[in-house]
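> A single structure is presented below for examination.
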């Protein structure tokens, strides 16, 4: 499998990359870690005229605490997130999810930003980003823009990112340890058939639930969150709330799992993830 | 349009003019003549093409050669030194960590990376580390034995790391 021919550009700064993106428009594709784009190039599902490699731009790979939040550079690899002591302490959902992404080799190259902008409906990260109420920061010709995770994912492989924008940073809150990610994996690909990320805020008596793999885009299970707001996280309450995890959702069906089975797994994994997160509170 | 790519492969600087679409695995096999790096699934799943890029295990079928420009690559051919196999290679041999051998180069390089940062891995940690390498012969049990055996060898004073 050989990609179609393309021109290759390697900007050294973010400004240069934005200018190239403006210049080449939608005939160009950005290359980050390449673990979504290169498979698509090889299958010729993507045949860009120009590939703009942002892998050499300095300071796009970092994990640091800023103003009470954690800022993660878009080019930070899954592996760096998995191994981050800062995240383990301050936002443990991210390392927990990172361990579920692909395999070691994929995690060594693939990036958080690349995965988010690709918006594969079965990728792991969207569930976590939604459950954490994260923000993403983009940069474009008109300057930076902050987008809330809940409006970032539009549809299958579609995000709120404009064609001339580059995702620069992901900002997540500092959380307690009461988080969990429970995933039913499609064993051959490593993608999620149903992945549920949960953040329990014990003091506020609220939970947030992000679900990936089930529908055309990852979603917040608001019906579950509403049912549990202000309630103790007893097994009965969790079970009653988790039963709503696929409410008002159109689950996808394919050879790996029917729509009904995906909805079932969404409910089951929501119950399990809530139980695990509650036990860590 | 071709681009000049410089990659230090097993300690030797290799310079070739390549089209940007050339994958690292083809740079290694077709241009450097290092055919120990195998092409298996070509879809980032099987791990037969695993090499070390700047010390990290990567799948060479999912990296463009231009992305590795300026980097250092270790392939299976680069592990033995002075006519002696690397301890991980020895252990795979002694513990029957292979049958047909097709997955073995990738399996060994993934194991080498694991042992670099976790010198005494548990069986579970080994399984997690070789999750991206498929073997259709062994059932993995002897591979995990081999990685544990290599860990013991490498813990001995004077052994190559």
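Chains as they are written, first to last, in this note's numbering: chain A, 1375 to 1655; chain B, 864 to 1024. C-beta atoms are modelled at their ideal positions from N, C-alpha and C, and glycine is treated no differently. Predicted model only: the values in this text are computed from it and were never measured.
Pair every Cβ in the region 1447-1454 of chain A with every Cβ in the region 1482-1490 of chain A, then say whether three or more of these pairs are closer than 8 angstroms.
Yes: the two stretches touch, three or more of their Cβ pairs being nearer than 8 angstroms.
> Measure the alpha-carbon distance for residue 1480 of chain A versus residue 1003 of chain B and round it to whole angstroms.
Residue 1480 of chain A and residue 1003 of chain B: Cα-Cα distance of roughly 20 angstroms.
> Expressed to the nearest angstrom, what Euclidean distance is found between the alpha-carbon atoms of residue 1528 of chain A and residue 1391 of chain A?
So the two alpha carbons sit approximately 24 angstroms from each other.
> Since I believe residue 1574 of chain A is in contact with residue 1652 of chain A (beta carbons under 8 angstroms), could you give me their beta-carbon distance rounded to a whole number of angstroms?
Yes, they are in contact, since the Cβ atoms of residue 1652 of chain A and residue 1574 of chain A sit about 6 angstroms apart, within 8 angstroms.
> Ordered along the chain, which non-local residues of its own chain (more than five positions away) have a Cβ less than 8 angstroms from that of residue 891 of chain B?
Around residue 891 of chain B: 872, 897, 900, 914, 923, 936, 938.
> What is the DSSP secondary structure of residue 865 of chain B, counted as helix, strand or coil?
Here residue 865 of chain B sits in coil by DSSP.
> Does any residue of chain B have a CB that is nearer than 7 angstroms to the CB of residue 1449 of chain A?
No, its Cβ sits nowhere closer than 7 angstroms to a Cβ of chain B.
> In terms of DSSP beta bridges, what is residue 1402 of chain A paired with?
DSSP lists A:1424 as partners of residue 1402 of chain A.
> Between A:1552, A:1400, A:1560, which lies nearest to residue 1422 of chain A when the distance is taken from Cα to Cα?
When only C-alpha atoms are compared, the closest one is A:1400.
> Is the shortest distance between the beta-carbon of residue 968 of chain B and the beta-carbons of chain A less than 7 angstroms?
Residue 968 of chain B does not count as touching chain A.
> Do residue 1619 of chain A and residue 1650 of chain A have their CB atoms nearer than 7 angstroms?
No, the pair does not count as a contact, with Cβ atoms beyond the cut-off.
> Using a Cβ-Cβ distance cut-off of 7 angstroms, determine whether residue 1507 of chain A contacts chain B.
It does not; no Cβ of chain B falls within 7 angstroms.
> Going by Cα to Cα distance, which pick from A:1594, A:1579, A:1580 is closest to residue 1586 of chain A?
Of the listed residues, the one whose Cα sits closest to residue 1586 of chain A is A:1594.
> Could you check the C-alpha separation between residue 983 of chain B and residue 952 of chain B for me, to the nearest Å?
Taking the straight line from one Cα to the other gives about 17 angstroms.
> By Cβ distance, which residues of its chain are closer than 8 angstroms to residue 1640 of chain A, with the 5 residues on each side in sequence left out?
The residues are 1568, 1570, 1585, 1588, 1595, 1619, 1620, 1623, 1625.
> Using the beta-carbon count (16 or more within 10 Å), is residue 1499 of chain A buried or exposed?
It counts as buried.
> Taking just the CA atoms, how far does residue 1017 of chain B sit from residue 1007 of chain B?
C-alpha separation (whole angstroms): 15 angstroms.
> Residues of chain B with a CB under 8 angstroms from the CB of residue 1380 of chain A: which are they?
Neighbours of residue 1380 of chain A on chain B, chain order: 883, 884.
> Going along chain B, which residues have a C-beta under 7 angstroms from residue 1482 of chain A?
What residue 1482 of chain A touches in chain B: 919, 920, 921.
> Against residue 1471 of chain A, what residues of chain B qualify as contacts under a CB-to-CB distance less than 8 angstroms, listed in chain order?
Under the 8 angstroms cutoff, chain B gives no residues; its nearest Cβ is about 15 angstroms from residue 1471 of chain A.
> List, in chain order, every chain A residue whose beta-carbon is nearer than 8 angstroms to that of residue 910 of chain B.
Going along chain A in sequence order, the residues near residue 910 of chain B (Cβ under 8 angstroms) are 1477, 1479.
> Give me, in chain order, the residues of the same chain whose beta-carbon lies closer than 8 angstroms to that of residue 990 of chain B; leave out the 5 immediate sequence neighbours on both sides.
Excluding residues within five positions, the ones whose Cβ falls inside 8 angstroms are 1003, 1007.
> Would residue 929 of chain B count as contacting chain A if we go by Cβ distances under 7 angstroms?
With 7 angstroms as the cut-off, residue 929 of chain B counts as an interface residue toward chain A.
> Hey, does residue 1377 of chain A have any beta-carbon neighbour from chain B nearer than 7 angstroms?
Yes - at least one Cβ of chain B is within 7 angstroms of the one on residue 1377 of chain A.
> Is the Cβ of residue 1021 of chain B closer than 7 angstroms to any Cβ of chain A?
It does not: the Cβ of residue 1021 of chain B has no partner Cβ on chain A nearer than 7 angstroms.
> Which of the three DSSP states is assigned to residue 1458 of chain A in this structure?
Coil at residue 1458 of chain A, not helix or strand.
> Under 8 angstroms Cβ-Cβ, which residues of chain A neighbour residue 880 of chain B?
By Cβ distance, chain A contributes nothing, its closest Cβ being about 13 angstroms from residue 880 of chain B, past 8 angstroms.
> Which class does residue 950 of chain B belong to by DSSP, given the choice of helix, strand or coil?
Reduced to three states, the DSSP call for residue 950 of chain B is helix.
> Within 10 angstroms of its Cβ, does residue 1323 of chain A collect 16 or more other Cβ (buried), or is it exposed?
The structure shown does not extend to residue 1323 of chain A, since chain A is modelled only from 1375 to 1655, so the question has no answer here.
> Are three or more beta carbon pairs between the region 1414-1433 of chain A and the region 1516-1534 of chain A nearer than 8 angstroms?
At 8 angstroms Cβ cutoff, the stretches do not touch.
> Report yes if the C-beta distance between residue 996 of chain B and residue 969 of chain B is below 7 angstroms; otherwise report no.
Yes, the pair counts as a contact, with Cβ atoms nearer than the cut-off.
> As an exercise, report each continuous beta strand (DSSP E) stretch of at least 3 residues that is fully enclosed by the region 893-924 of chain B, in chain order.
With a minimum length of 3 residues, the continuous beta strand (DSSP E) runs that stay inside the region 893-924 of chain B are 913-916, 919-922.
> Please tell me whether residue 900 of chain B has its Cβ less than 7 angstroms away from any Cβ of chain A.
Judged by the 7 angstroms Cβ criterion, residue 900 of chain B is not in contact with chain A.
> Quickly, what does DSSP pair residue 879 of chain B with across the bridge? List them, please.
For residue 879 of chain B, which the question treats as bridged, DSSP gives the partners B:868.
> Going by Cα to Cα distance, which pick from A:1578, A:1592, A:1434, A:1389 is closest to residue 1603 of chain A?
It is A:1578.
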